[in-house]
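Number of protein chains: 2
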Amino acid sequence: MPFCYDYARPALTVDCVVFGYDETELKALLIKRDLPPFKRMWALPGGFVRIDETVDDAAKRELFEETGLENVYLEQLYTFGDLHRDPRERVVTVAYFALVKMSGHRLRATTDAQDAQWFPVRQTPKLAFDHQEILDLAITRLKGKVTYQPIGFELLPTKFTLTELQKLYETILEATLDKRNFRKKILGMGLLEPLGEYTEGGAHRPAELYRFNKKKYEKLSKSGFFFEL
Amino acid sequence: MPFCYDYARPALTVDCVVFGYDETELKALLIKRDLPPFKRMWALPGGFVRIDETVDDAAKRELFEETGLENVYLEQLYTFGDLHRDPRERVVTVAYFALVKMSGHRLRATTDAQDAQWFPVRQTPKLAFDHQEILDLAITRLKGKVTYQPIGFELLPTKFTLTELQKLYETILEATLDKRNFRKKILGMGLLEPLGEYTEGGAHRPAELYRFNKKKYEKLSKSGFFFEL
DNA sequence: TTTACTTAGTGTAAAAATTACACAAACAAA
DNA sequence: TTTGTTTGTGTAATTTTTACACTAAGTAAA
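Going down the list, the protein sequences come from chains A and B. If you count by our numbering, then the first sequence holds residues 9 to 237, one letter each, in order. If you count by our numbering, then the second sequence holds residues 9 to 237, one letter each, in order.
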């Protein structure tokens, strides 16, 4: 027990809510715990913050260690600081959330996790700790955010059709949107590039493919802009 | 050194950005530190989270101990987890922010603070730690929030005129607003009650006093509403 | 008591944004 | 060539937002 302090300290952890999307459903990434407490139960990927890494870095590291996901943009969600979150001892956790292209990453459970899998956000198994509460907050935040920031693109493949994008928005918002108004709005932002390429194989008219113009978005971001859906 | 752990743990603290408003200016509450590090320097009120209190409770307690402020609604702002925030050792802090009626509270510096004072938010002295960064983030958040939630009322006396309210909004947003449009919008929310009472003493037409209808607001809040200015 | 000064309080027209809504175009399969 | 399916497009009505100027009510000073 080499690390001693004058006063008792809570342990500090990070947890990550990672959202993915697979053409029909919004999913969250969970791991199956390999250690007590809640061994073999599903939970958000996360773990202890090391003394020599920032909290942000801890989130990145734990996400990688437990799921194999790398190069993910994590945004801080909220800090959960109640007393009995963990049955063993006092633990405060800083929660993060991220959006990823499911096709762009291969899952690989390693440290502290037996398994890592995507679950539909509204059909998750019973979760360890207060992780259901964290997940719920992340869903709420995602819904709020999607209406005023162009974030949906992170969840889609690089090339996508406007119909796919609309379905994603409808899934996140749990609402239906008018096709023509949606297109008007989303194209009006000027952040989508039509590629002149078209989908193939469907027994119907092919749809044009678009991609998100990240550079343009970053320029706009800097000049303090915001947009609404 | 009675508290020992297998791994080194960051210390966990809370810091509070408390905003007030005194008819012309937006102010933040600072304390003069009575202990090292940064002894005698101005800082945000805050301190260590105890092992037997929630993080939220720690914020309330520290705010009270260092400034005498009680019954303040604190909302979590952000968690600052970089490595060298504190010169002594690794400290992670959960920042909170609050809005208070300056007239409704008496300042009283006690534990760990030599003094507690209001400073105009854009004219603060050099602050300890990374507290300037925290304050800046709180200002940004306040600006963002005021446009879609009726929060300004917390900063004004119970009875106020529409002109006072408009000035407050203009101060927070660092912008000027059209008088007629502002009134239309703010009254259209249906959250202000005209009191039939009027200001006295000015060498000009008296202004009607209003108050914020908190109950109505809470009802609306529950049914998941939002409004924009 | 009249005049000057200051702030309060009010409505409307123009512009912009949002909403609602229906059909032809392009392909594959039968 | 007919059927079935999804893509892609414009306009009119409504709502929201913006811009803008004068009268009302009081005090102070002449």
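The beta carbon of each residue, even a glycine, is placed where N, CA and C say it ideally should be.
Under 8 Å by Cβ, that's how I've got residue i and residue j pegged, so tell me the actual separation to the nearest angstrom.
| i | j | result |
| --- | --- | --- |
| H139 of chain B | A51 of chain B | 5 Å |
| R219 of chain A | L203 of chain A | 6 Å |
| G198 of chain B | K224 of chain B | 7 Å |
| K40 of chain B | Q157 of chain B | Contact doesn't hold; Cβ gap of about 32 Å is too wide. |
| Y15 of chain B | F56 of chain A | 7 Å |
| T132 of chain A | A36 of chain A | 7 Å |
| L82 of chain A | D64 of chain A | 7 Å |
| V80 of chain A | V26 of chain A | 7 Å |
Taking C-beta pairs closer than 7 Å, name the residues in chain A that residue i reaches, listed in chain order.
| i | result |
| --- | --- |
| D64 of chain B | G89 |
| Q84 of chain B | Y86 and T87 |
| V100 of chain B | L20 and V63 |
By the criterion of Cβ-Cβ separation under 7 Å, what are the contact partners of residue i in chain B?
| i | result |
| --- | --- |
| P18 of chain A | L20, V57 and I59 |
Since residue i meets chain B, which of its residues come closer than 9 Å, beta carbon to beta carbon?
| i | result |
| --- | --- |
| Y104 of chain A | Near Y104 of chain A there are no residues of chain B at all, since even the closest Cβ is about 10 Å away, more than 9 Å. |
Please state if the CB of residue j and the CB of residue i are separated by a distance shorter than 7 Å.
| i | j | result |
| --- | --- | --- |
| M49 of chain B | A124 of chain B | no |
| F88 of chain A | T101 of chain A | yes |
| I142 of chain A | D42 of chain A | no |
| G210 of chain B | V108 of chain B | no |
| L20 of chain A | P10 of chain B | no |
| A103 of chain A | Y86 of chain A | yes |
| L34 of chain A | T179 of chain A | yes |
| T32 of chain A | E73 of chain A | no |
| Q174 of chain B | L181 of chain B | no |
| F190 of chain B | A146 of chain B | no |
| L71 of chain A | F127 of chain A | no |
| I59 of chain A | R98 of chain B | yes |
| G160 of chain B | L176 of chain B | yes |
| S111 of chain A | P165 of chain A | yes |
| E201 of chain B | N221 of chain B | yes |
| L217 of chain B | K167 of chain B | yes |
| T62 of chain A | D90 of chain B | yes |
Would you list the residues sitting across from residue i in a DSSP beta bridge?
| i | result |
| --- | --- |
| F46 of chain A | None; F46 of chain A has no bridge partner. |
| V100 of chain A | A:L20 |
| Q239 of chain A | Look at the range of chain A in this structure, 9 to 237, and you will see that residue 239 of chain A is not part of it. |
| P133 of chain A | Partner(s): none; P133 of chain A has no beta bridge. |
| A121 of chain A | A:R41 |
| P128 of chain A | A:K35 |
| T169 of chain A | A:L217 |
| V25 of chain A | A:F105 |
| A2 of chain B | Outside the shown range of chain B, which is 9 to 237, sits residue 2 of chain B, and nothing can be said about it. |
| F1 of chain B | The structure shown does not extend to residue 1 of chain B, since chain B is modelled only from 9 through 237, so no value can be given for it. |
Would you mind telling me which residues of chain B sit closer than 8 Å to residue i, beta carbon to beta carbon, in chain order?
| i | result |
| --- | --- |
| F11 of chain A | C12, Y13, D14, Y15, A16 and R17 |
task = Could you tell me which uninterrupted alpha helix (DSSP H) segments, each at least 4 residues in length, are contained entirely in the region 171 to 226 of chain B, listed from first to last along the chain?
result = Secondary structure in the region 171 to 226 of chain B: the alpha helix (DSSP H) runs of 4 residues or longer, each lying completely within the stretch, are 187 to 196 in chain order.
task = Return the chain-ordered ranges of every beta strand (DSSP E) run that is complete within the region 53 to 78 of chain B and spans a minimum of 3 residues.
result = Considered as a whole, the region 53 to 78 of chain B harbours 54 to 56 as its complete beta strand (DSSP E) runs of no fewer than 3 residues, in chain order.
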